[in-house]
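Shown next, in structure tokens, is the structure this report addresses.
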Amino acid sequence: MVRATSYNNVTIAIKKLQRNYSILTDEARASRILCMIKADAYGHGMVQCAKSLEEIGCTVFGVAELREALILREAGIKSTIFSMMGFDDCYAELVVKNNIVPVVYDKNSLKALSSASQSSNTETVVYLKIDTGMSRLGIFPEQLPELIQVVNILPNLRLGGLVSHFPTSDDVSSPVTLQCYEKFELAKKVLPETDDKYFNHIANSGGTLNFKETHEDMVRCGIALYGYYPDGKPRLGDQSLQPVMAFSTRVIQVKDIPAGVGISYGHTFITQRKTRLAVLPVGYEDGYSRKLSNCGEVIIRGKKAPIRGRICMNICMVDVTDHDNVEPGDETVLLGSQGEEAITADDLAERCGTISYEILCMIGNNNERKYIYQ
Ligand SMILES: *Cc1c(COP(=O)(O)O)cnc(C)c1O
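Laid out in structure tokens, this is it:
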């Protein structure tokens with residue numbers, strides 16, 4: 027059977043992803059880069075992204091949970107894969123057999139890993155997650171000596187290093203980042219002497235870009251890889267990160283309506299003048315948030331057009347009264363650029379009261395993606 031494709035297109039520009047990685051390599055200098063590809067690479071497709079990043083020398087990836095790590099292994103990804111939220115103890119054997127690096131925060135997981143490693147006659151390298159101020163996953167630094175002792179006592183386990191996470195590194199002026207880092211440095215002092223090198227890491231994109239002194243042995247970059255700055259403010263210059271994702275649709279109908287007419291559910295917009303509307307086959311089901319009702323913009327024929335009325339599940343309307351001859355079939359950019367105009371995930375995020383991260387996940391993970399070598 028012939029498969030019909032959607033009106034809507036998410037394109038992922040592989041060369042831009044690779045270029046962002048190289049820029050981050052320069053930023054990280056001596057430290058290695060762990061590419062965070064959780065949430066299907068923030069909506070960009072984790073398998074394709076992992077392959078393209080491996081091609082240019084990346085050897086370490088991070089995902090949220092084991093399920094994602096196993097999909098990567100199945101797809102042939104050979105690099106080191108960190109499962110940042112650990113694993114369910116009943117899957118210890120899968121962790122060991124697939125050579126996934128578990129980030130651990132309790133004794134029971136260590137016990138489960140130790141028995142699975144003994145059964146497979148292998149040594150498993152574990153990382154311990156400490157909470158230095160995020161108040162999210164992880165043990166407090168005071169609990170570290172005890173957990174290290176458990177790693178040392180249990181057979182077939184080796185400590186790879188410490189992992190922590192910054193809560194406010196997007197904000198250059200916040201003192202919190204260096205306070206957290208200070209706790210991390212103190213925690214490192216508890217690590218036993220060893221011949222194997224530890225790989226300690228705490229910096230996310232914010233830490234990588236804004237706090238060089240926190241880079242340690244490795245930095246974990248997520249949003250920056252996909253071309254966005256964690257504070258939502260783009261930078262200028264030839265070393266600036268470039269957005270990787272674009273999202274477009276096309277006009278399916280154009281119609282003229284008189285003044286004084288309500289548009290879409292709830293009639294939240296009433297025309298003030300004779301209006302030409304373009305109907306777009308895109309809505310919140312496609313990750314185009316309902317919060318953009320009456321406040322979003324799209325680009326048609328190189329010019330911005332405002333959303334009128336509520337965004338529906340699969341449809342929305344834009345005002346093209348001031349455009350020249352918009353026709354059905356016209357390419358419409360929802361995220362990305364056309365002619366001189368551009369719309370970024372930061373622009374959409376601001377209007378939706380969220381961050382670029384969520385916009386990318388929503389759009390990327392709800393549409394078919396096309397990969398282009400640009
Ligand atoms: C998501 C995540 C990162 C990456 O954060 P960005 O701000 O996207 O760079 C790093 N570390 C952990 C533990 C994460 O959950």
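For what it's worth, the numbering used here labels the leading residue of the sequence shown as 27, then goes sequentially.
Virtual Cβ for every residue (Gly too), placed ideally from N, Cα, C.
It should be emphasised that the depicted structure is a prediction, and the values quoted were computed from it without experimental measurement.
Query raised in the report: Buried or exposed: which applies to leucine 262, given that a residue is buried once 16 or more other Cβ atoms fall within 10 Å of its Cβ?
Result: By one-based count along the sequence shown, residue 262 stands at place 236. Burial call: exposed.
Report task. Answer yes or no: the CB of alanine 250 versus the heavy atoms of ligand 1, is any distance below 7 Å? Result -> Translated into positions along the sequence shown, residue 250 becomes position 224. Indeed, a heavy atom of ligand 1 lies less than 7 Å from the Cβ.
Query - Segment limits, beta strand (DSSP E) that includes valine 280 - result: Taking the sequence shown and counting its residues from 1, one reaches residue 280 at position 254. Per DSSP, valine 280 belongs to the beta strand (DSSP E) from 279–283.
Query raised in the report: Who are the Cβ neighbours of phenylalanine 225 in its own chain at under 7 Å, not counting the five residues just before and after it?
Result: As a working mapping, residue 225 is identified with position 199 in the sequence shown. Residues of the same chain with a CB within less than 7 Å of the CB of phenylalanine 225, apart from the 5 flanking positions on each side, are Gly186, Gly187, Asp243, Met244 in chain order.
Report task. Could you check which residue in Ile296, Ser57, Gly390 has the C-alpha nearest to that of phenylalanine 273? Result -> Here residue 273 refers to the residue found at position 247 when the sequence shown is read from its first residue. If we check each option's Cα against that of phenylalanine 273, Gly390 comes out closest.
Query raised in the report: Taking the C-alpha atoms as reference points, what is the distance between threonine 31 and asparagine 392?
Result: The residue labelled residue 31 in the question sits at position 5 within the sequence shown. The residue labelled residue 392 in the question sits at position 366 within the sequence shown. Going by the C-alpha atoms only, they are around 14 Å apart.
Query raised in the report: Hey, quick one: how far does the alpha helix (DSSP H) through asparagine 35 stretch, first residue to last?
Result: Here residue 35 corresponds to residue number 9 of the sequence shown, with the count starting at 1. Unbroken run through asparagine 35 is the beta strand (DSSP E), 35–39; no alpha helix (DSSP H).
Query raised in the report: Since serine 109 contacts valine 127 with CB under 8 Å, what's their CB separation in whole angstroms?
Result: In the sequence shown, counting from the first residue as 1, residue 109 sits at position 83. In the sequence shown, counting from the first residue as 1, residue 127 sits at position 101. So it is a contact: roughly 7 Å between Cβ atoms.
Requested in this report: Spell out a yes or no on whether the region 171–187 and the region 124–139 are touching, meaning 3 or more CB-CB pairs, one atom from each, closer than 8 Å.
Outcome: Touching, per the Cβ criterion.
Requested in this report: Report the three-state DSSP secondary structure of methionine 62 (helix, strand or coil).
Outcome: Here residue 62 corresponds to residue number 36 of the sequence shown, with the count starting at 1. The three-state secondary structure of methionine 62, taken from DSSP, is strand.
Query raised in the report: If you count every other CB in all the chains shown that lies within 10 Å of the CB of leucine 267, and 16 or more means buried, which is it?
Result: Along the sequence shown, one-based indexing puts residue 267 at 241. With 16 or more Cβ atoms within 10 Å of its Cβ, leucine 267 is classed as buried.
Query raised in the report: Would the beta-carbon of lysine 259 be found less than 7 Å away from any heavy atom of ligand 1?
Result: Indexing the sequence shown from 1 puts residue 259 at position 233. The nearest non-hydrogen atom of ligand 1 is 7 Å or more from the C-beta of lysine 259.
**Report entry** Cα-Cα separation between lysine 317 and cysteine 378, rounded to whole angstroms
**Finding:** For the purposes of this step, residue 317 is identified with residue 291 of the sequence shown, where counting begins at 1. For the purposes of this step, residue 378 is identified with residue 352 of the sequence shown, where counting begins at 1. Distance between the alpha carbons of lysine 317 and cysteine 378 is about 5 Å.
Query - Beta bridge counterpart(s) of cysteine 247 as assigned by DSSP - result: The sequence position of residue 247 within the sequence shown is 221, counting from 1. Paired residue(s): Cys61.
Query - Three CB pairs or more closer than 8 Å across the region 277–289 and the region 47–65 - result: no
**Report entry** Selected residue, minimal CA-CA separation from threonine 37, among Val151, Arg29, Val346, Met271
**Finding:** As a position in the sequence shown, residue 37 is number 11, starting the count at 1. The option with the nearest alpha carbon to threonine 37 is Met271.
Query raised in the report: Looking at C-alpha atoms only, which residue of Tyr399, Glu394, Gln400 is the closest neighbour of arginine 29?
Result: Here residue 29 corresponds to residue number 3 of the sequence shown, with the count starting at 1. The candidate whose alpha carbon is nearest that of arginine 29 is Glu394.
Report task. Just confirm the distance between the C-beta atoms of alanine 368 and leucine 386, as a whole number of angstroms; I'd bet it's less than 8 Å. Result -> On the sequence shown, residue 368 is found 342 positions in, with the first residue counted as 1. On the sequence shown, residue 386 is found 360 positions in, with the first residue counted as 1. Not quite, the Cβ-Cβ distance comes to about 16 Å (not below 8 Å), so this is no contact.
Query raised in the report: When the Cα atoms are used, what is the spatial distance from leucine 96 to asparagine 124?
Result: If you number the sequence shown from 1, residue 96 lands on position 70. If you number the sequence shown from 1, residue 124 lands on position 98. Distance between the alpha carbons of leucine 96 and asparagine 124 is about 7 Å.
Query raised in the report: Which runs of the beta strand (DSSP E) spanning at least 3 residues fall entirely within the region 189–264, listed in chain order?
Result: 244–247
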